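Student:
Residue numbers (my numbering): 17 to 307.
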């Protein structure tokens with residue numbers, strides 16, 4: 017697992033957006049081989065989406081051959097409600113880029129059969145070959161998507177009752193009135209996210225520092241569902257300095273030192289997007305030179 021630390025929210029947002037752009041470019045999507053991207057909502061990815069739109073407007077990124085699957089949606093909230101995740105995604109990303117509407121997949125919280133809707137969502141993901149890269153944010157209690165504390169780490173897309181703390185946290189989007197916040201949601205499961213070939217989690221702010229510490233420094237725990245990323249072969253967490261406040265200084269220094277080795281000893285040109293060394297010969301020669 018990689019931990020990338022940046023100065024603040026803006027720096028984190030730019031880093032993740034640039035990473036997404038470069039991963040798509042490296043993949044080389046076509047109509048026959050689309051890039052499948054998992055996406056979150058909430059405050060964490062807004063800056064990422066803003067930067068992705070800028071890349072698109074600059075001609076650096078196309079969504080024409082990208083298929084997206086969103087993490088979750090409220091149950092019972094009209095699709096055109098300003099706080100529905102359908103509205104969120106179209107307002108913050110989709111309407112600003114060249115994505116094909118038929119390639120956008122968001123759970124239907126108003127389906128007549130919610131269990132069937134969840135089953136079909138998993139089937140849709142499988143039918144396109146799985147998700148290449150899943151982006152995610154977390155809550156202060158370490159939940160990923162709406163997989164609240166206590167969720168099974170083997171969970172799949174399902175109907176979920178929201179924790180009271182989550183309802184209170186989301187009340188800011190509903191005139192600070194918790195009675196207006198839906199108490200049920202459809203969400204991808206922890207296993208759904210971890211089945212992606214790569215997972216990138218965004219964690220910013222001091223209010224999420226404890227969750228980051230639980231994710232990085234302690235064991236996998238269903239009470240902190242984001243900790244499941246420890247088991248992923250290509251998991252990456254991108255955080256800001258404020259989010260590191262509960263980490264041990266040694267932990268922070270360790271992950272920063274890895275980036276320093278990449279930059280000063282191995283050379284960034286010889287390091288792949290996912291942190292692997294492209295040429296061991298080049299790395300050895302570079303290391304010898306710097307000595």
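Yeah, the Cβ is synthetic: ideal placement off N, Cα and C, and Gly gets one too.
As the structure is a computational prediction, the values presented were derived from the model and not from experiment.
When the Cα of residue 153 is compared with those of 44, 123 and 217, which residue comes out closest?
Tutor: It is 217.
Student: Below 8 Å between beta carbons: does that hold for residue 123 and residue 55?
Tutor: Not in contact: residue 123 and residue 55 (Cβ atoms no closer than 8 Å).
Student: Alpha carbon to alpha carbon, how far is residue 51 from residue 198?
Tutor: Cα to Cα, the separation comes out at about 32 Å.
Student: Look up residue 89 in the DSSP assignment and give the residues it is bridged to.
Tutor: 202.
Student: May I ask you to report which of helix, strand or coil DSSP gives residue 250?
Tutor: Of the three classes helix, strand and coil, the one that applies to residue 250 here is coil, per DSSP.
Student: Under 8 Å Cβ to Cβ from residue 272, same chain only, skipping five residues before and after it: list those, please.
Tutor: Same-chain partners within the cutoff: 21.
Student: Can you tell me where the beta strand (DSSP E) with residue 215 in it begins and where it stops?
Tutor: Unbroken beta strand (DSSP E) run through residue 215: 215-219.
Student: With residue 21 as the anchor, note down where its beta strand (DSSP E) starts and where it stops.
Tutor: Note, residue 21: beta strand (DSSP E), 18-22.
Student: Of the choices 231, 238 and 260, whose alpha-carbon is the least far from that of residue 246?
Tutor: Minimum Cα distance to residue 246 is reached at 231.
Student: Which two residues bound the contiguous alpha helix (DSSP H) that contains residue 182?
Tutor: From DSSP, the alpha helix (DSSP H) with residue 182 extends over 180-186.
Student: Mind checking residue 180: buried by the 16 CB within 10 Å criterion, or exposed?
Tutor: Under this definition residue 180 is an exposed residue.
Student: Can you name, in chain order, every residue of its own chain whose Cβ lies under 8 Å from the Cβ of residue 237, other than the five neighbours on each side?
Tutor: For residue 237, where only same-chain residues beyond five positions count, the Cβ hits under 8 Å are 230 and 243.
Student: Does residue 28 pass the burial test, meaning 16 or more other C-beta atoms within 10 Å, or should it be called exposed?
Tutor: Classification of residue 28: buried, given that the 10 Å Cβ count is 16 or more.
Student: Using 8 Å as the Cβ pair cut-off and three pairs as the minimum, do the region 131-141 and the region 34-45 touch?
Tutor: With the cut-off at 8 Å, the region 131-141 and the region 34-45 do not touch.
Student: Compute the Euclidean distance between the alpha carbons of residue 296 and residue 129, then round it to the nearest angstrom.
Tutor: The predicted position of residue 296 is uncertain, since its pLDDT is 48 and thus under 50; a value taken from the coordinates is nonetheless stated next. One C-alpha to the other measures close to 54 Å.
Student: If you follow the alpha helix (DSSP H) that residue 63 is part of, which residue opens it and which one closes it?
Tutor: Where residue 63 is concerned, the enclosing alpha helix (DSSP H) stretches over 62-73.
Student: If I measure Cβ to Cβ from residue 279 and keep anything under 6 Å in the same chain, skipping five residues before and after, which residues do I get?
Tutor: Result list for residue 279: empty, nothing under 6 Å.
Student: Measuring only the C-alpha atoms, how far is residue 182 from residue 94?
Tutor: Cα-Cα distance, rounded: 20 Å.
Student: I'd like the list of long-range same chain contacts for residue 185, defined as Cβ closer than 8 Å, with 5 residues on each side in sequence excluded.
Tutor: Excluding residues within five positions, the ones whose Cβ falls inside 8 Å are 155 and 156.
Student: Suppose you measure from the CA of residue 308 to the CA of residue 212; what does that come to, to the nearest Å?
Tutor: Coverage of the chain is limited to positions 17 through 307, which leaves residue 308 absent and any answer about it impossible.
Student: Can you list, in chain order, the residues of its chain with a C-beta nearer than 6 Å to that of residue 169? Leave out the 5 residues immediately preceding and following it.
Tutor: Around residue 169: 206, 238 and 244.
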